Structures are given as C-alpha cells and as structure tokens.
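Taking full-length UniProt numbering, the leading residue of the sequence shown gets 1, the next gets one more, and so forth. No residue lacks a Cβ here, since even glycine has one placed at the ideal position from N, Cα and C. Quick caveat: nothing in here was measured; it's all calculated off a predicted structure. The structure appears right after this line, and notes come after that.
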Amino acid sequence: MTSSRTSPSSSYSIFKFLLRPPGQDERWCDGCGKPMRGFVYHCKEEGWDLHPYEKYKSEDEEVKKKVEAKNALENYAYNMRNTVRDEKISSQLDPADKKKIEDASDQAIQWLDSNQLAETDEFEDKMKELKGICNPIIAKMYQGGGAGAGPAMDEDVPPSSGSGVGPKIEEVD
Numbered sequence: 001m002t003s004s005r006t007s008p009s010s011s012y013s014i015f016k017f018l019l020r021p022p023g024q025d026e027r028w029c030d031g032c033g034k035p036m037r038g039f040v041y042h043c044k045e046e047g048w049d050l051h052p053y054e055k056y057k058s059e060d061e062e063v064k065k066k067v068e069a070k071n072a073l074e075n076y077a078y079n080m081r082n083t084v085r086d087e088k089i090s091s092q093l094d095p096a097d098k099k100k101i102e103d104a105s106d107q108a109i110q111w112l113d114s115n116q117l118a119e120t121d122e123f124e125d126k127m128k129e130l131k132g133i134c135n136p137i138i139a140k141m142y143q144g145g146g147a148g149a150g151p152a153m154d155e156d157v158p159p160s161s162g163s164g165v166g167p168k169i170e171e172v173d
C-alpha cells in the first residue's frame, strides 16, 4: 500500500486519516476531492481556468433564480384565484373585476403549464403583467370597502409597524 491517498472515499484513506495526529492532515479540495499541496491551487496545475465546483455553483445560482421566479408566479396566480373565490372578498368585488382577476390568474396558470422551460425574465415579465391586472383591483377594493389586510395583500409590502398583537421587544445596551 502506498502512503498517498487515492480518493477521499477509500476506506484506507479514512483509516490513514484516523491514525494521523491532528494538524498534520492534507488539505483536500472541496469541489473535486483531490489533495492540495500546500497553498497551491491544484486546478491551475491541471490547466483549468475555473474549478468545476465554481462553474457548477454559478449554474446552480441561475437555476435557483429561475425556480424562485417560477414559484413566485405560480404562488401569486393561485393566491389571486383563491382570494377572489373567497366569499368574504368576492362579495366586496365588482363581478367584472372578479372575472378579470380570475381570467388573468387562470391564464397565468395555463401559461405556466405550457412553458415549464421558460427563462427567468419570462417568468418575471408574466408576474409583472399579472400584478398589473390584479393589484389595482385589490387596492381599490381595500380602499373602498375598508377591509383589513387579508391574503390578497402584496407580499413585497412590509407589515405596518404599530401597536399590534405580539411581544414587545425592548432594546438592550
């Protein structure tokens, strides 16, 4: 058996690691598991411009943004549809406005079903379009009806700070 580790997952390397005194272990690359000699970045020795770990990290960030945009649109569309179907709120809405919100949210849901592979900006554009239809109607309903904050409130708006229900937090020096 050789004294160098062949891979971080081999049983011999685990045994060898356990026998080594603390502080004398080799540094291993988090991305690919190869040993790093001193402070030399081994990927430059391999001739790589960018470590595969970093490459996939940036791709993962893009996919994450896309999924978040898609989920935000889907949640908003279903939230609007369920809000106008609620009896308390639908009684305060004009039937034409109610139909307008239902049609827009149903259209957004159908668009999502047929465009699962759309890009992030397409999801964001569709969200702006849906909010452009729904938000003025909901705002008009809350201003005219004097209703309290309900599930149709925009999620981007922070809750008002005032004397409300909840614990009182005092600042401590």
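Is it true that the CB of Leu130 sits closer than 8 Å to the CB of Tyr76? Taking the sequence shown and counting its residues from 1, one reaches residue 76 at position 76. Taking the sequence shown and counting its residues from 1, one reaches residue 130 at position 130. Their beta carbons are under 8 Å apart, which means Tyr76 touches Leu130 by this criterion.
Can you tell me which of the three DSSP states Gln92 falls into? What you label residue 92 is simply residue 92 of the sequence shown in a count that begins at 1. Three-state DSSP puts Gln92 in coil, outside helix and strand.
Out of curiosity, what's the CA-to-CA distance linking Ser91 and Ile169? For this step, residue 91 is matched to residue 91 along the sequence shown. For this step, residue 169 is matched to residue 169 along the sequence shown. Going by the C-alpha atoms only, they are around 39 Å apart.
Spatial neighbours of Lys66 in its chain, beta-carbon cut-off 8 Å, leaving aside the 5 residues before and after: As a position in the sequence shown, residue 66 is number 66, starting the count at 1. Counting only Cβ-Cβ distances below 8 Å, and skipping sequence neighbours, we find Glu119, Thr120 and Phe123.
Do you know offhand how far Glu68's Cα is from Ile138's? Within the sequence shown, residue 68 is the residue found at index 68, counting from 1. Within the sequence shown, residue 138 is the residue found at index 138, counting from 1. Going from the Cα of Glu68 to the Cα of Ile138 covers about 24 Å.
Can you tell me whether DSSP reads Asp86 as helix, strand or coil? Numbered from 1 along the sequence shown, position 86 holds the residue referred to as residue 86. Coil, per DSSP.
DSSP-derived helix/strand/coil call for Ile169: The residue given as residue 169 occupies position 169 in the sequence shown. In the structure shown, Ile169 sits in coil (DSSP, three-state: anything other than H, G, I, E or B).
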